[in-house]
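At position 38 of the sequence shown the residue is numbered 37 (numbering that gives the first Met the number 0), and the sequence of numbers has no breaks.
Glycine included, each C-beta is placed from N, C-alpha and C at the ideal position.
Keep in mind the model is a prediction, meaning the values are calculated, not measured.
First the structure, in the form of structure tokens, and then the observations on it.
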Amino acid sequence: MTSLVVGQSLGLTLVGDGVSFRNSRRHVAKSKFFFPNRKRLARAALVQARPREDGVTPSPPSSSRPSPAPVVQYKRADLADDLQAEARALGRAVDASVYSPELIARKHGSQPLKALRRSVEILTALGGFALKLGIDQRRGKLEENMKKRAGELRRIFTRLGPTFVKLGQGLSTRPDLCPPDYLEELAELQDALPTFPDAEAFACIERELDLSLESIFSSISPDPIAAASLGQVYKAHLRYSGQVVAVKVQRPGIEQAIGLDFYLIRGVGKLINKYVDFITTDVLALIDEFACRVYQELNYVQEAQNARRFKKLYADKADVLVPDIFWDYTSRKVLTMEWVEGTKLNEQVAIESQGLKVLDLVNTGIQCSLRQLLEYGFFHADPHPGNLLATPDGKLAFLDFGMMSETPEEARFAIIGHVVHLVNRDYEAMAQDYYALKFLSPDVDVTPIIPALRDFFDDALNYTVSELNFKTLVDGLGAVFYQYPFDVPAYYALILRSLTVLEGLALYADPDFKVLAASYPYFAKRLLTDQNPYLRDALIELLFKDGKFRWGRLENLLQQGSKDRDFSSKDALQPVLKLLLDPNGEELRLLVIKEAVRVSEAFALGSVVDTYNSMPEFMRSLVFNGNGNGGPLTMNPTELESTLELRDQVSRIWSLLQSSESFDPAILQPIAQVLQQPEARRLGGRVAGGVGQRLAASELNFKTLVDGLGAVFYQYPFDVPAYYALILRSLTVLEGLALYADPDFKVLAASYPYFAKRLLTDQNPYLRDALIELLFKDGKFRWGRLENLLQQGSKDRDFSSKDALQPVLKLLLDPNGEELRLLVIKEAVRVSEAFALGSVVDTYNSMPEFMRSLVFNGNGNGGPLTMNPTELESTLELRDQVSRIWSLLQSSESFDPAILQPIAQVLQQPEARRLGGRVAGGVGQRLAARFLQQLLRATTPTPSPVP
């Protein structure tokens, strides 16, 4: 009979020892045909028949085949059909019970004898346990025997039945109620209860679906494949398609048994709330919350809807499988879903024999769990190994959607913020998080909790957070929760439990596995890309500290975030970048501008160090005006190392972004916009000008550069554009390429002609003012600077001497140029004096030695002027510098002396003429003083010594 398939045209119903033929269950009473043993044989065939490997169910010979019975055709043609089937299933569950303390009190309060018998059974089991605890406490062995007693409690809960199994599983997720030993032991509770008779299960299917078993299935397993506290599961083949399905059938009388137990447990909860002072949690509220969840599990249509919602949210990933629901064969007590072939996740050998890796599957589970917990908030609350299967094609299948939970939206963001505070070891902020997470009522003082968090985490975080064992974290937090008045929401406890289960599964394959390390890429991706203001602020808090940007943190976030398969670099930092342009982003803009300055300095100084290191040893002291010891920068080694590390970190971060196919430099546009603000441009220009000025001289001492830049960068609110750092980097790359051909090549020397040309010729008022600032200091003109600018500018192919100094010369005649005119007049006097005195010196030096004393009334020592040697040297150098500058201008084919007309006009002013007369008089005065000094020296007798 193993090949017989029964139940085609006529229905079959077991009646005593015979079979009654009828057209439907509703009309069984009208059918009078009765054949002994026929139905029993048919049902045996139904539960034993198996389809062939090609999926076609074998058929019996035609001579023995009964007439076909009506078959329900279940076709899911489209979404509309599926929704209609779901609506029909909801109709079948319309009378599903909903937990109500009042209803169960009325129902079971009216059955005192039944309640009394169950109370005695419960009190006997738990009373003996309580007595043992009392003895342990009196003997001082409560801690010593805790592990042993926890195991005894687990066994007691198993004996007391489904309600207490569920209760124990619930307690295993409550670190605020149970010590760690009890949490660990109760987590081992399994739904391993005895099966109930198959006949009752099959009768339940027919009663719930209002269809005969034979019209639904072509075969069904003779025994349950699995049994749990609330029901048991059969494997079957749908008649209309041959598809393999899992059929879960609810345990008979389970609702009444659970209702009675909760009625009694609530009575105990009332007593605890009233008389037990050391338990601060509202026990009655916990019981009601848990009972409500268990009652939801009793409604299999609700479980089917959970599965559908879970599939919609999370099965979009190719490596996650959620079975389909067959709504036409689902009701309040029957659930039919797609059969999943797979191996339990804790069966490592079996999994790896299929060429799969447990760690890959666990990582899939962790990523999916994080999406459940922190992205959509709807999560599987019971992810034990029996509910997680590895399919042959490497997917992770989720089963059993009876116990689900939801994370409130505000809590999802608060949890990620909590992780940020943990990374920062900001224990005060962590304690404050517990208000947002609703762990503590607002009237609870967190002050004593902060030291407890610090004591635990400072000890636990000897390594980075990602290296922390998750069970250690959970145990430590559990100890804190247990000691203080925490009221841990169920969702949070379930989160901890689910991740602990996944880490436990992974540890079988890899003893060094860390669930936090596997989770961090998801957290990093969310922090970098999520637009939620709370997470955006958490990211800013993570990246900025004491006004400085922590580039190491950003590098780590990008490295970790890129490991997440959904990470896109084009979305990275977008929440922060958008805030830069927001009216509320002023504080962030200032931080970004200051950091741009710091990065610019790091790249500039890094370029100097790279140049120095690329030189042969013998050249370093020549170029950098030193002996080569300590390098070109007067920075202590720690400061220098920090600066170079910043340069390298920013370079690595840029490489990380560029390595992503989705990266678009345009995403950084907000930074560019901020750095184009007037204040940023002004400070950026000052930095660029300062660097150019200091790097112009061939004998540059980089100590001056570093000291000057460092002082300005750190003492004042500089706003240096990001492009400046990138300019330095690009020039450094070009210099590196050039050094292969010429070890003495300097990119700054090659760049400076362009800077000089721009400063000398650009009409922009800002550059004009920068040139004036460069050339004048303390009211004096720095002719050496002008000479150097002309020398360097003339090397630029686009330089024209007729345009040189035009911006400054035009300002001389501008109404706003009064201050400049005064400076020019004073400088013209100084130059005139230099040329006049220079002429005297030249005349003196051209004379034969014997004539000098005659003409200048002296012996030639000290020259013709009463000036100290340093002053004389400076004056002559000024004369020579102006002469060289004139020669530079005249050597250019485009030079026209008329361009200096503004200076001539200024020097025709009365003040200039008056000062010019003073210059002439000054030269004469110097010569007369020299003559008088020599005359007095010749005619004055030598004084006698004083006695």
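In this structure, Gly-475 sits near Phe-455, with a CB-CB distance shorter than 7 Å. When the alpha-carbon of Lys-513 is set against those of Leu-372, Val-361, Pro-574, Ile-494, the nearest one is in Val-361. For the 7 Å CB-CB criterion, Ala-235 and Leu-320 do not form a contact. Straight-line measurement puts the Cα of Pro-752 at about 5 Å from the Cα of Gln-791. Counting every other CB atom within 10 Å of its CB across the protein chains shown gives Asp-399 a total of 16 or more, marking it as buried.
Pairing Gln-304 with Val-596, the inter-Cα distance amounts to about 56 Å.
With a contact defined as Cβ atoms closer than 8 Å, Gln-353 and Pro-407 miss out at about 40 Å. Looking at the backbone, the Cα of Gln-366 and that of Tyr-181 are separated by about 28 Å. Separation of Ser-654 and Ala-769 (C-alpha to C-alpha, rounded to the nearest whole angstrom) is 35 Å. With three or more CB-CB distances shorter than 8 Å, the segment 329–346 counts as touching the segment 79–99. Looking only at Leu-436, Ser-440, Val-443, Leu-452, the smallest Cα-Cα distance to Glu-427 is reached by Leu-452. Cβ contact annotation for Leu-643 (same chain, cutoff 7 Å, sequence separation greater than five): Gly-605, Val-608, in chain order. In the structure shown, Lys-547 adopts extended strand secondary structure according to DSSP, grouped into three states.
Of the residues Ala-665, Pro-161, Leu-645, Val-248, the one whose Cα lies closest to the Cα of Ser-599 is Leu-645. Contact annotation: Ile-264 and Ile-271 have beta-carbon atoms that are not nearer than 7 Å. For Phe-216, the enclosing beta strand (DSSP E) has its first and last residue at 216–219. Partner residues in the beta bridge of Leu-320, as assigned by DSSP, are Ala-396. Counting along the chain, the unbroken alpha helix (DSSP H) around Tyr-533 starts and ends at 532–542. Residues of the same chain with a CB within less than 8 Å of the CB of Ala-200, apart from the 5 flanking positions on each side, are Pro-223, Gln-231, Tyr-233, Val-248 in chain order. DSSP lists Phe-377 as the beta-bridge partner residues of Glu-405. For Gly-230, the enclosing beta strand (DSSP E) has its first and last residue at 230–237. As computed with DSSP, Phe-780 is found in a beta bridge with Phe-775. Apart from the 5 residues on each side of it in sequence, Glu-870 has no Cβ closer than 7 Å to any other Cβ in its chain. The C-beta separation of Leu-501 from Gly-385 comes to about 14 Å, leaving the pair out of contact by the 8 Å criterion. Thr-162 sits in a helix when the DSSP states are folded into three classes.
Inter-residue distance for Cys-177 and Asn-423 is about 29 Å (C-alpha atoms, whole angstroms). In the structure shown, Thr-528 adopts helical secondary structure according to DSSP, grouped into three states. For Leu-541, the number of other beta carbons within 10 angstroms of its own is at least 16, and it is reported as buried. Note that the C-beta distance between Ser-799 and Ser-661 is not below 7 Å. In summary, Leu-82 is exposed, with fewer than 16 beta-carbon neighbours lying within 10 Å of its beta-carbon over all protein chains present. Sequence-distant Cβ neighbours of Arg-564 in its own chain, meaning closer than 6 Å and more than five residues away, do not exist here. Looking at the backbone, the Cα of Leu-259 and that of Arg-158 are separated by about 16 Å. Shortest Cα-Cα distance from Ile-592 to any of Ser-99, Pro-806, Val-487, Pro-669 involves Pro-669.
With 16 or more other CB atoms across the displayed protein chains lying within 10 angstroms of its CB, Gln-880 is buried.
Beyond the five residues adjoining it in sequence on each side, Arg-411 comes within less than 8 Å, by CB distance, of Leu-372, Leu-373, Glu-374, Gly-376 in the same chain, given in chain order.
By the neighbour-count criterion, in which a residue is buried when 16 or more other Cβ atoms sit within 10 angstroms of its Cβ, Gly-837 is buried.
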